[in-house]
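Q: Before I ask anything, let me first share the structure, which is written out below as structure tokens.
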Amino acid sequence: MTFKELGIIEPILKALTEKGYTQPTPIQEQAIPVLLKGKDLLGSAQTGTGKTAAFTIPILQHLAEGAPPKNKRRIKVLIITPTRELAIQIDDNVKAYSKYTDIRNTVIFGGVKQHTQVKILQRGVDVLTATPGRLLDLINQGFISLKDVEHFVLDEADQMLDMGFVHDIKKILKKLPQQRQSLFFSATMPKSIISLSKEILGDFERVSIDPEQTTAERVDQAVYFVPKKNKTSLLVHLLKTEPFETVIVFSRTKHGANKIVKKLSQAGIQSAAIHGNKSQNQRQKALSAFKEGKLSILVATDIAARGIDVSQLSLVVQFDLPNVAETYVHRIGRTGRAKASGNAIAFCDAEERSYLKSIEKLLQQRLPVINDHDFKEEAASSGSDESESKPKAQNRPRNHNNRRKTNSSRRNKPS
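Be aware that the sequence shown starts at 1, since it is given in UniProt numbering, and climbs by one per residue.
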């Protein structure tokens, strides 16, 4: 299956080809035909599956095939995202895919002065990507009208609800026309998302890519059993002895992320943290340095990591195991982008054994255990029989140099 066979028009095909994209990912194969028919959609797909292209490509095609604006351009497409980083990423994709069309796009978010954003809006745009807070601010000031919106996208819907945006979303929905195409994309499908989708979407279709389809098969995973007090020492050891070019370390808390950065610095390893307590400028500066190769290690919380899109990521480290199994899958999806392979390791202390069991149940597989290290969990401190819960151990982490070479030779997929 190719994008041409999906019925994508030549201007968008040309832009996709320039970026090296010819074959759609599974979520794109499922979603694009539905959206080209103008139907509402509820999509379940994690980071790295190509879901952004799954909704932007057909929407841009609808705009490109429509009548050109006679007067000032009015917002026809509204895409809502929870974070500035994800908003910027989506806007970049819209710009790339619409390169050979007359479509205009922009992005708005908080944490910066609104003057430049307002000037662009006043010139007229077709596609607006926004975070909820800044969007409502500019609506209330009279700078934005949503009465002409034909396509509405709520991306990372589960994260929106987790971050407390549900009331903002409902305020925005009241300002949209009743007749519109609506899309919800969510990495997970809790009852709250199903309930909200039934309330807002019309006669919708549902598409889904299971986590085990999209990550477990292509990401080399391993777990280290290690006491909490030894996690930082193990991390320092791995970063100093293994040839990792780009690494994201996940911490469960903001304080924990700051502590990891401090400990790495004391060991002579440069890194930066991104989380909700960092300013927009601090987060953007760290992300830019990471993407440009000036910084090789990023320490992040789950919310702050939404929207990070780095090609050829060497390694994901789960410094703290998440208490929600799906979050583990989202994290390792950072390194196994599209159909490329990747590498992920997890640190598991005695208190996290139950989390590990939930993760393995979701993935329907046991994670390989690396025993050959000097930072092991003492047997007496474990709450369960380690021999029962772990598979045959690996002696050491893989050498990732060959993996990176393999990644670079694979065919690109749109994000």
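All C-beta atoms, glycine included, are put in the ideal place defined by N, C-alpha and C.
1. Between glutamate 29 and chain D, is any beta-carbon pair separated by less than 8 Å?
2. So, using beta-carbon positions, are isoleucine 27 and valine 207 closer together than 8 Å?
3. Between the C-alpha atoms of phenylalanine 237 and asparagine 371, what's the straight-line distance to the nearest angstrom?
4. What whole-angstrom Cβ distance do glycine 111 and glutamine 280 have, given they're in contact under 8 Å?
5. Mind checking whether isoleucine 90 and aspartate 158 have CB atoms under 8 Å apart?
6. Suppose contacts are defined by Cβ-Cβ distances below 8 Å. Is valine 223 in contact with leucine 356 by that definition?
7. Just the Cα atoms here: how many angstroms apart are asparagine 105 and alanine 96?
8. Is it the case that the segment 6-21 contacts the segment 114-125, given that we only count it when at least three CB pairs across the two stretches are under 8 Å?
9. Tell me isoleucine 345's beta-bridge partners as DSSP assigns them.
10. Which ranges would you report for the alpha helix (DSSP H) in the segment 24-50 if only whole runs of at least 4 residues count?
11. With H, G and I counted as helix, E and B as strand and the rest as coil, what does DSSP make of threonine 301?
12. Pop quiz: glutamine 318 and arginine 334 are said to be a contact at Cβ under 8 Å. What is the actual Cβ separation, rounded to whole angstroms?
13. So the alpha helix (DSSP H) alanine 289 belongs to, where does it begin and stop?
14. Return the CA-CA distance between aspartate 126 and arginine 73, expressed in angstroms with no decimal places.
15. Determine the extent of the alpha helix (DSSP H) in which leucine 239 is found, giving its start and end residues.
16. Taking the alpha-carbon positions, what's the serine 382 to valine 247 distance?
17. For leucine 367, does the three-state DSSP call read helix, strand or coil?
18. Pull up the distance between the alpha-carbon of leucine 321 and that of isoleucine 172, whole angstroms please.
19. For glutamate 329, which three-state DSSP category applies?
20. Classify glycine 7 as buried or exposed, calling it buried when 16 or more other Cβ atoms lie within 10 Å of its own Cβ.
21. Helix, strand or coil for glutamate 388 per DSSP?
22. Please work out which residues of its chain come closer than 7 Å, Cβ to Cβ, to phenylalanine 143, disregarding the five sequence neighbours upstream and downstream, and give them in chain order.
23. For isoleucine 88, verify whether its CB is less than 7 Å away from any heavy atom of the ligand ATP.
24. Classify asparagine 323: buried if its beta carbon has 16 or more other beta carbons within 10 angstroms, exposed otherwise.
25. Can the beta-carbon of glutamine 221 be found less than 8 Å from the beta-carbon of leucine 367?
26. So, with DSSP's three-state summary, where would you put glutamate 5?
27. Locate the beta strand (DSSP E) running through leucine 146, then write down its first and last residues.
28. Taking the alpha-carbon positions, what's the glutamate 10 to valine 329 distance?
29. Which value, in whole angstroms, describes the spacing of the CA atoms of alanine 325 and threonine 188?
30. Express the C-alpha separation of valine 149 and leucine 78 in angstroms, rounding to a whole number.
A: Inspection of the coordinates gives the following:
1. The structure shown contains no chain D, having only a single protein chain.
2. yes
3. The sequence given here places histidine at residue 237; phenylalanine does not occur at that position. Approximately 14 Å between the Cα atoms of the pair.
4. 3 Å
5. no
6. yes
7. 11 Å
8. no
9. DSSP lists Ala222, Val317 as the beta-bridge partner residues of isoleucine 345.
10. 26-36
11. Taken through DSSP and simplified to helix, strand or coil, threonine 301 comes out as coil.
12. Glutamine 318 to arginine 334, Cβ: 11 Å. No contact.
13. 280-291
14. In a straight line, the C-alpha of aspartate 126 is about 6 Å away from that of arginine 73.
15. 231-241
16. Residue confidence is low: serine 382 scores 35 on pLDDT, short of 50, so the model does not pin down where it sits. Its coordinate-derived value is still stated next. Looking at the two C-alpha atoms, the distance is approximately 29 Å.
17. If DSSP states are grouped into helix, strand and coil, leucine 367 belongs with coil.
18. 35 Å
19. Residue identity check: residue 329 is valine in the sequence provided, not glutamate. Of the three classes helix, strand and coil, the one that applies to valine 329 here is helix, per DSSP.
20. exposed
21. Here the model assigns glutamate 388 a pLDDT of 36, short of 50, so the residue's position is not dependable and the matter cannot be decided.
22. Val118, Leu121
23. Annotation note on the ligand ATP: not contained in the displayed structure, which lists no ligands.
24. exposed
25. yes
26. Here glutamate 5 sits in coil by DSSP.
27. Unbroken run through leucine 146: none, as it is neither H nor E.
28. 35 Å
29. Roughly 10 Å separates the two Cα atoms.
30. 7 Å
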